[in-house]
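See below for the structure under consideration.
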Amino acid sequence: MKNSLKYSTVFLLLFLTTPEYLYSQSGDQLFLSNCRACHTVGGGKLVGPDLKDVTTRRTEQWLLSFIKSSQTLINSGDKDAVALFNEYNKVQMPDQNLSEAQIKDILAYITKESQSASTTNVVDKGESIKHPVIGKSLAEANRDDINTGKEYFEGTIRFANGGPSCISCHNVDHADMISGGLFAIDLTLTVSRLGPTGVHAMITNPGFPAMKTSFQNNSITPEEAFYLTAFLMKANSDSEFGVVKNSSGFLFNTGLMGSAFLFIVFGGIWWDRKRKSVNHDIFKRQIKSK
Amino acid sequence: MDIRSQVSMVFHLDKCIGCHTCSIACKNIWTDRKGAEYMWWNNVETKPGTGYPTKWEDQGIYKGGWEKNGDSISLKGAGKFKGLFNIFHNPHLPVLDDYYEPWTYKYTDLIESPEGDDQPTARPVSLITGKPIDIKSGPNWDDDLSGSPDYARQDPNLESLSPGEREAMFQLERMAFYYLPRICNHCLNPACVASCPSGAIYKRGEDGVVLINQKVCRAWRMCVTACPYKKSYYNWSTGKSEKCILCYPRLEAGLAPACMHSCVGRIRYLGVMLYDADKVQEIAASDGDLVQNQLDMILNPFDEEIIKAAKANGVADSTIKAAQNSPVYKFVKEWGIALPLHPEFRTLPMLFYVPPLLPVMASISEKNNKAQSEQLDPIAKFWDDQWLYDTSTEEIWGSVDQVRFPMKYMASLFTNGDEEKVKDVIRKLMAVRIHRRGKTVGDIDSVKVEKVLSDTRMSADTADEIYYLTSLAKFDDRFVIPPAHREQAFEMLEHTSDMKGATGFGFKEAPSRGM
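In order, the protein sequences belong to chains A and B.
Counting along the first sequence from 1, when you hit position 239 you're at 239 in my numbering, and nothing is skipped either side.
Counting along the second sequence from 1, when you hit position 26 you're at 26 in my numbering, and nothing is skipped either side.
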């Protein structure tokens with residue numbers, strides 16, 4: 001009781017001292033909720049490129065049209081856009097439902113950040129992602145953590161905020177798990193593509209429209225995201241080394257053999273059944289009109 | 001004792017001429033409807049033959065009737081567990097080809113065809129699909145065809161006969177046959193009632209008529225499988241099963257069922273018999289002489305004790321009186337010359353048959369005539385088969401052992417293989433003829449007549465009675481229908497005194513006097 005009172009006081013203080021943080025969508029907030037899943041400013045590549053100094057590299061007009069609809073720009077044959085698209089594994093940047101003013105806010109934020117941040121090119125092994133409570137990094141995740149991640153993924157454990165389980169839309173090839181949904185991309189090798197940090201960012205702060213809508217009001221907690229990323233890393237490495245057993249052929253073959261067995265057994269049981277008309281032979285002989 | 005009354009029937013096969021009038025009368029009244037065209041609640045079969053539906057007697061195919069199961073009996077192809085396992089496909093059902101595809105002809109083609117080189121013909125059209133068909137079979141397709149390899153020789157009852165005996169049956173220009181008219185037997189232990197998963201079939205309390213409640217029937221068709229006589233039919237149009245109702249609306253009005261009323265040969269008799277319903281299960285599951293056991297169940301309506309017990313059980317006085325006058329009781333119990341059809345199905349059928357005597361012109365038997373053949377000149381014509389067609393009978397009636405149809409065949413139909421029992425009935429029938437011939441023609445020695453009667457344990461009076469009921473009986477002698485007491489039934493439904501003192505019939509109209 002005492003504790004909860006303390007927490008609520010802290011919360012109340014936060015609430016009162018940083019009203020902007022909660023009420024206005026300033027440039028940094030917009031960046032966090034819309035871009036951070038795939039981009040950093042000086043933090044190195046994630047899904048998409050590091051955006052440090054992007055405002056100096058490109059014109060504002062180009063950035064505006066790319067952010068609004070990257071595909072339109074690519075389809076129109078813009079050289080830079082096509083090169084960028086090819087460089088980043090043809091991962092499509094989703095169209096952003098942002099007003100011009102909002103985009104400008106974001107760009108202003110990036111310009112500001114670019115001045116302070118220094119470019120680093122780190123090999124992402126997930127060291128930077130830490131468990132929010134016990135402080136363990138993803139690289140240190142053990143079997144239990146991975147299992148917890150798996151259980152979150154397949155919905156054995158519900159997400160704390162009630163979001164839908166990953167398996168309803170995504171598939172991951174895993175020996176102990178049934179096939180997942182086909183509505184969204186297969187996540188088996190997604191860590192190779194995005195890196196653990198990218199995946200983690202995508203989970204905590206979804207960038208793609210469908211996922212964004214799904215988790216808008218029931219976001220995944222950092223703790224859950226940690227376990228899920230751990231699981232996806234494991235699934236990724238297992239799959240890369242060919243550990244995953246593909247069971248779809250097994251199912252088909254067992255089904256085939258099982259039905260053959262049933263046909264034989266029931267054929268035997270019903271062998272004595274009346275199978276055709278008692279007049280069959282007589283009728284077969286009769287001459288039929290054309 | 002649980003004494004109930006049962007309307008039962010006797011068909012005298014010696015008198016059946018196979019005219020199918022009964023079938024037509026029945027069809028015109030009851031089954032001339034869509035979906036019922038193929039149903040023949042009454043049909044007449046030629047025996048030996050496979051009947052309708054084809055081979056209905058072969059329960060190896062159709063799994064009808066009861067089978068003995070320890071001390072009790074169980075349904076062969078239906079019932080609680082077998083029925084449940086088979087409820088959605090019911091593999092033993094006869095298919096339409098086991099019956100026949102009903103058809104009519106496109107008669108309008110005869111008068112509406114354009115002028116051409118050929119005569120117009122009326123094409124057969126299926127009554128099920130409405131399309132032109134090749135007629136493959138009909139309800140009496142093997143009518144009058146006793147020697148046909150397709151039908152007569154497939155008769156399931158021939159299984160008990162040796163190949164020689166079978167051959168003998170077909171030798172007489174392939175013309176030895178008789179007719180077997182069949183309707184629902186209104187059994188005392190009906191397999192159809194026992195098999196119905198919906199409980200739609202019931203045996204009427206007052207007269208034992210077995211009926212299907214069309215409102216309760218759910219088209220499981222278990223009754224079609226269960227009835228060993230295949231007298232329950234499925235109406236594909238209404239999705240309900242139907243069967244012979246023994247013309248109960250006619251019975252209640254005091255009229256004989258249509259098939260019986262219309263019978264040209266007057267072969268049919270109908271009357272009430274009293275039986276002990278407590279014994280049904282015991283008798284149906286009994287060993288030994290099934291026919292005798294069934295007859296033992298039928299009670300003497302003159303016995304004071306039985307009359308008392310019957311009255312206590314609600315059997316009306318008029319019904320007891322009808323039972324006393326019942327021609328069926330006389331044929332079945334008093335004289336013992338009527339037998340149930342296929343008692344081995346254990347349904348205790350209440351339609352009895354007087355087996356055909358078949359006047360014996362000659363007999364045919366399998367003889368070793370090798371010695372005789374050897375005496376013939378090599379160029380002489382001789383038959384290397386072993387048949388002896390013997391016309392040298394001592395009596396004009398021949399002897400019972402020389403009747404055309406082997407006793408085994410008749411026994412397979414009527415007595416579950418007991419040849420002596422059929423022989424006894426045939427002997428009695430013959431004794432009546434010898435007695436009457438002695439009386440009317442007078443060319444038979446009276447000593448012989450008396451010996452024949454005493455051999456068959458009959459008095460001359462009994463023989464005369466049998467003769468009367470067989471040959472001279474009037475309508476009211478053949479059909480003793482108990483009053484249905486419909487007025488009492490009415491009183492159970494309505495208060496007949498409600499209208500007492502009311503102002504007559506018709507609609508109430510206000511007087512119009514220009515007011």
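Don't be surprised by glycine CBs; every beta carbon is placed ideally from N, CA and C.
| Check | Outcome |
| --- | --- |
| Residues bridged to B:F85 [DSSP beta-bridge criterion] | Answer is none; B:F85 lacks a bridge partner. |
| Alpha-carbon to alpha-carbon, A:Q96 and A:E151 | 32 Å |
| Min CB distance B:I61 to chain A below 7 Å | yes |
| 8 Å CB neighbourhood of B:E252 in its chain, flanking five on each side removed | A484, R486 |
| In DSSP terms, what B:F352 is bridged to | B:V10, B:P340 |
| Under 7 Å from the C-beta of B:V224: neighbouring residues of chain A | By Cβ distance, chain A contributes nothing, its closest Cβ being about 13 Å from B:V224, past 7 Å. |
| Exposure of B:P249, with buried meaning 16 or more beta-carbon neighbours within 10 Å | exposed |
| Chain B residues whose Cβ lies nearer than 7 Å to that of A:V278 | T54, K55, I61, D98 |
| With 16 other Cβ atoms within 10 Å as the buried cut-off, status of B:S262 | buried |
| Proximity winner among A:S237, A:D238, A:M202, A:M211, relative to A:P222 (alpha-carbon distances) | A:M202 |
| C-alpha distance - A:L22 paired with A:F250, whole-angstrom precision | Confidence at A:L22 is low in this model, with a pLDDT of 41, below 50, so its placement is unreliable and no value can be given for it. |
| Own chain partners of B:L450 with C-beta closer than 7 Å, once the 5 adjacent residues on each side are dropped | Residue 450 of chain B is actually Glu in this sequence, not Leu. Within the same chain, B:E450 has no close Cβ partners at all. |
| Straight-line Cα distance separating A:G255 from A:G207 | 41 Å |
| Own chain, CB closer than 7 Å to B:C517, minus 5 neighbours either side, in chain order | No information on residue 517 of chain B is available, as it lies outside the stretch 1 to 515 that chain B covers here. |
| Validate contact between the region 272–282 of chain B and the region 293–312 of chain B using beta carbons, cut 8 Å, 3 pairs | yes |
| Beta-carbon contacts of B:L110 that lie in its chain and below 6 Å, excluding the five residues immediately before and after | P120, A122 |
| Residue range of the unbroken beta strand (DSSP E) whose run includes B:T104 | 103–105 |
| Spatial distance of A:T55 from A:T111 (CA atoms) | 6 Å |
| Chain-ordered residues of the region 76–96 of chain B with a beta carbon less than 9 Å from chain A | P91, H92, L93, P94, V95, L96 |
| Per-residue contacts from A:W270 into chain B (C-beta, under 9 Å) | P91 |
| Between the CA atoms of A:G43 and A:S116 - distance to the nearest angstrom | 12 Å |
| Simplified DSSP assignment, three categories, for B:E206 | coil |
| C-alpha distance - A:A101 paired with A:K212, whole-angstrom precision | 21 Å |
| Per DSSP, cross-strand counterpart(s) of B:G239 | According to DSSP, B:G239 bridges with nothing at all. |
| Length of the line joining the Cα atoms of A:H174 and A:S192 | 16 Å |
| Alpha carbon of A:G162 to alpha carbon of A:N218, nearest angstrom | 6 Å |
| Whole-angstrom distance between A:Y88 and A:P49, CA atom to CA atom | 8 Å |
| DSSP state of B:E67 mapped onto helix, strand, coil | strand |
| Burial state of B:V422, where buried means 16 or more other Cβ atoms lie within 10 Å | buried |
| Contacting positions in the region 156–169 of chain A - beta carbon closer than 8 Å to chain B | none |
| Within-7 Å CB hit, A:I264 to chain B | no |
| Opening and closing residue of the beta strand (DSSP E) in which A:G198 lies | It is not in any beta strand (DSSP E) - A:G198 instead sits in the alpha helix (DSSP H) that spans 190–204. |
| Backbone secondary structure at A:F208 - three-state DSSP | coil |
| Residues in the region 150–177 of chain B having any Cβ partner in chain A nearer than 8 Å | D150 |
| B:I379, buried or exposed, once every other Cβ within 10 Å from all chains shown has been counted against 16 | exposed |
| Identity of the residues DSSP links to B:G271 by a beta bridge | B:S8 |
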